[in-house]
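Each remark here refers to the structure printed beneath this line.
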Amino acid sequence: MDLPKILLRSALPLLIGIPLLWIFQGAVAGPGGSETAMAVILMMAGINVILAVSLNVVNGFTGQFSIGHAGFMAVGAYTAAKITVATNSLEIVGIPTAVSDQLIFLFAMVAGMAMAALMGLLVGMPSLRLRGDYLAIVTLGFNEIIRVLIENTEFLGQATGISGLPKRTNILWVGIAVIVTIAMARRLLGSTHGRALLAIREDEVAAEAMGVDTTGYKVRAFVISSAFAGLAGALLVHQIQLCTPRSFTFIKSIEVVVMVVLGGMGSVTGSVVAALVLSFALEGLRDVQQYRMVMYSVLLIALMLTRPTGIFGTREIWDLIPKLRKKVSS
Amino acid sequence: MTEFLQHLVNGLSVGTIYALIALGYTMVYGVLKLINFAHGDVYMVGAFAGLYIARGLGVDQEPSLAKAGVVFVGAIVICAALGVAIERFAYRPLRQRARLTALITAIGVSFLLEYGFQLPPVIDGEVPFPPGPTPRFFPEPFARVDFEPLGVHISNYDIVSLIVAVGFMFALQYIVYRTKFGTAMRAVSFDASVAGLMGINVNRVIVWTFALGSGLAAAAAILVAGSRPSINPLLGLLPGIKAFVAAVFGGIGNVQGAMVGGLILGLSEEYVAGYLLSSYRDGIAFALLIIVLLWRPEGLFGRVRAEKV
Chain A
641 MDLPKILLRS ALPLLIGIPL LWIFQGAVAG PGGSETAMAV ILMMAGINVI LAVSLNVVNG
701 FTGQFSIGHA GFMAVGAYTA AKITVATNSL EIVGIPTAVS DQLIFLFAMV AGMAMAALMG
761 LLVGMPSLRL RGDYLAIVTL GFNEIIRVLI ENTEFLGQAT GISGLPKRTN ILWVGIAVIV
821 TIAMARRLLG STHGRALLAI REDEVAAEAM GVDTTGYKVR AFVISSAFAG LAGALLVHQI
881 QLCTPRSFTF IKSIEVVVMV VLGGMGSVTG SVVAALVLSF ALEGLRDVQQ YRMVMYSVLL
941 IALMLTRPTG IFGTREIWDL IPKLRKKVSS
Chain B
10 MTEFLQHLVN GLSVGTIYAL IALGYTMVYG VLKLINFAHG DVYMVGAFAG LYIARGLGVD
70 QEPSLAKAGV VFVGAIVICA ALGVAIERFA YRPLRQRARL TALITAIGVS FLLEYGFQLP
130 PVIDGEVPFP PGPTPRFFPE PFARVDFEPL GVHISNYDIV SLIVAVGFMF ALQYIVYRTK
190 FGTAMRAVSF DASVAGLMGI NVNRVIVWTF ALGSGLAAAA AILVAGSRPS INPLLGLLPG
250 IKAFVAAVFG GIGNVQGAMV GGLILGLSEE YVAGYLLSSY RDGIAFALLI IVLLWRPEGL
310 FGRVRAEKV
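Those sequence lines, one after another, are chains A and B. Using the working numbering, the first residue of the first sequence is number 641, and each one after it goes up by one. Using the working numbering, the first residue of the second sequence is number 10, and each one after it goes up by one.
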């Protein structure tokens, strides 16, 4: 494929998606462009989709088990929050305020992703060299360390967190991030890199014997996944306009794990469907908050005992409909 | 010097508790190759089991050594039964499946215990069941006596728990390395399918491993609750993770390693928190874990096992 074609292929989802999102944003907006409850739920659901799809890159594609996704969210969120708060009154010269604000937010998100990716590298390097379940316990520990660090650092607002964040997240931003995340996961899966990850998931020893640099691939997948968790964190705190350690507890990590497991480890569309279903279902279950975590845990155990592959297993939605399958794969 | 000794006493008392919990992790990992995430919550259940028994016996009105013994043994028996039940209903059906499946189930069981205990009460009583999220006070099982040798503050609770914990460790050491059951356990740990062919009842060994490990967790819980009396349904989370770190530090699957790992973790936490960074106490275990994984991933006493294809 020549270069223009590749560029077009990469940009196509966004070229189609952005106008649609623009219309969609107008459709769910309240009077005077205010935010309706529906818009808030949709944004939360979108953030959950980003989290689930990105965690699936590690847990589903690579077959490693990370349970500290919220820790990376926190890193991205705090980095972005510090940047937007510090530059709140700043403007890029020569550009209208509204555009300049959005550009700064874009920069803050990218910085959040980079920081989360760096953390992913630091955490992944020692734990992914080993086989077995060490990644699970290290990511769990990392999640707790991040919480302890934040609660002890004055710069990060300790337990009260950073408040007064500018409201920057809207449906358009969340939508773009969702498109980018899903495109990343799909394209990754079809690439050489993705094939190596699947080989590692199926049989690590065999993959190693075939000359796959298992540690290298695992670490890279983990870093990508962490970066997108950071993106989701940045979007989340600029939606609720508050950045506290309470948003990034171990419980949040488990929520994401449940989404991935429910959808099927290895299925991108499965993760999307599970994230959407759980986000909306939980919105309807607000009255029974105290049963929520119990429900999650029972769901996890029941799934593992009866259908450990989740709803879709490693298949995608179109694999279930033979006609569509031909179209997508050709 | 006094401060140094005081930290030594505190570190030892915390360290022996970590060691007791770590033994449960290490034994289960040894026979099943499963990180039993629910182990920390079994420890929590142990504390509450002790609370219910103590309330039933009226320990808070009239403490006595005999009652303390009943509370201790009762909690151990309840937790051993709980451990066996978890193994039977949650882990055994998954034993032939991928290891990840069992790990996710373990996380599920852990959350079920933590949040199940916070639900609104079903059975009303002085302390309802489930107890709900409010912290409860554990009654003192016997009168507290404080000593101050060399200016170091020690209570009779510290001494009793140290003696009991060390006693349990030696008993376990004896069971694992000197009895027929221990030999069977080590055989299952080495290769479960071959051990089964040699006439060892693998299921029975695994059940007893869970019972032993969970019982030790309950013992640790009662020893802790005696001196730090506030208990709540989430109290198992952090000690659980730290004990796992201790087990990894000593070389997971290794009984002596878990003991040494627990003691080193307790002492290093106490000294680092006491002299350097008091507010980072809970982060030390993880820093230690990352260092161990970088420097000696098989742990202090662990051996590298060749991968079997």
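Note that CB positions come from ideal geometry on N, CA and C, so glycine has one too. Computed from a predicted structure; not experimentally measured.
Check whether the Cβ of residue i lies closer than 8 Å to any Cβ atom in chain A.
i      : result
B:D291 : yes
B:F190 : no
B:G249 : no
B:Y124 : yes
B:G117 : yes
B:Q127 : yes
B:P102 : yes
B:R106 : yes
B:I132 : no
In the DSSP assignment, what are the bridge partners of residue i?
i      : result
A:I802 : A:C883
B:I240 : B:R145
B:S164 : B:D155
Check the Cβ of residue i against every Cβ in chain B and list those closer than 7 Å, keeping chain order.
i      : result
A:F705 : L109 and L112
A:Y774 : L302
A:I819 : Simply none; closest approach about 29 Å.
A:L770 : L302 and P306
A:P948 : R106 and T110
A:V901 : I113
A:S937 : G117, F120, L121 and Y124
Could you work out which residues of chain B lie near residue i, taking near to mean beta carbons separated by less than 9 Å?
i      : result
A:F782 : F295 and I299
Exposed or buried, which one is residue i when buried takes at least 16 other CB atoms within 10 Å?
i      : result
A:P632 : The question about residue 632 of chain A has no answer here: the residues shown for chain A are numbered 641 through 970.
A:K639 : The displayed coordinates of chain A run from 641 to 970. Any statement about residue 639 of chain A would go beyond what the structure contains.
A:S970 : In this predicted model, A:S970 has a pLDDT of only 46, less than 50, meaning its place in the structure is not dependable; the value taken from the coordinates is given anyway. Classification for A:S970: exposed.
A:G903 : buried
B:F13  : exposed
B:E157 : exposed
B:F179 : exposed
A:P885 : buried
A:K807 : exposed
A:D773 : buried
A:L647 : exposed
A:D741 : buried
B:W304 : exposed
B:V185 : buried
B:A115 : buried
When DSSP labels each residue in this structure, what does residue i get in the three-state scheme?
i      : result
A:I646 : helix
B:I132 : strand
A:F705 : coil
A:S919 : helix
A:S907 : coil
B:F199 : helix
A:S970 : Residue placement at A:S970 is flagged as unreliable, the pLDDT there being 46, under the threshold of 50; a coordinate-derived value is accordingly withheld.
B:F138 : strand
B:I44  : coil
B:T35  : helix
A:I723 : helix
B:Q127 : coil
A:A850 : The amino acid at residue 850 of chain A is misidentified as Ala; the sequence shows Met. The answer is coil: DSSP assigns A:M850 none of H, G, I, E or B.
B:V68  : coil
B:F310 : coil
Output, in chain order, the set of chain B residues within a Cβ distance shorter than 8 Å of residue i.
i      : result
A:L992 : The displayed coordinates of chain A run from 641 to 970. Any statement about residue 992 of chain A would go beyond what the structure contains.
A:V698 : Those within 8 Å of A:V698 in chain B number zero; the least Cβ separation is about 12 Å.
A:I816 : Per Cβ cutoff of 8 Å: no residues; A:I816 is ~32 Å from chain B at best.
So residue i contacts chain A; which residues on that side make the cut at Cβ distance below 8 Å?
i      : result
B:F253 : I777
B:I215 : Those within 8 Å of B:I215 in chain A number zero; the least Cβ separation is about 18 Å.
B:I44  : D773, A776 and I777
Distance cutoff 8 Å, beta carbons only. Does residue i sit that close to anything in chain B?
i      : result
A:L758 : no
A:Q930 : yes
A:S970 : Because A:S970 sits at a pLDDT of 46, beneath the cut-off of 50, its placement in the model cannot be relied upon, and the point is left open.
A:V934 : yes
A:P766 : yes
A:I894 : yes
A:I992 : Nothing in the structure corresponds to residue 992 of chain A, since chain A is present only between 641 and 970.
A:I951 : no
Determine the chain A residues that contact residue i at a beta-carbon separation under 9 Å, and present them in chain order.
i      : result
B:S288 : V788, E791 and N792
B:A99  : I941, M944 and L945
Does the distance between the C-beta of residue i and the nearest non-hydrogen atom of the ligand MG fall short of 7 Å?
i      : result
B:A115 : Of the ligands one can find in the structure shown there are none, so the ligand MG has no counterpart to examine.
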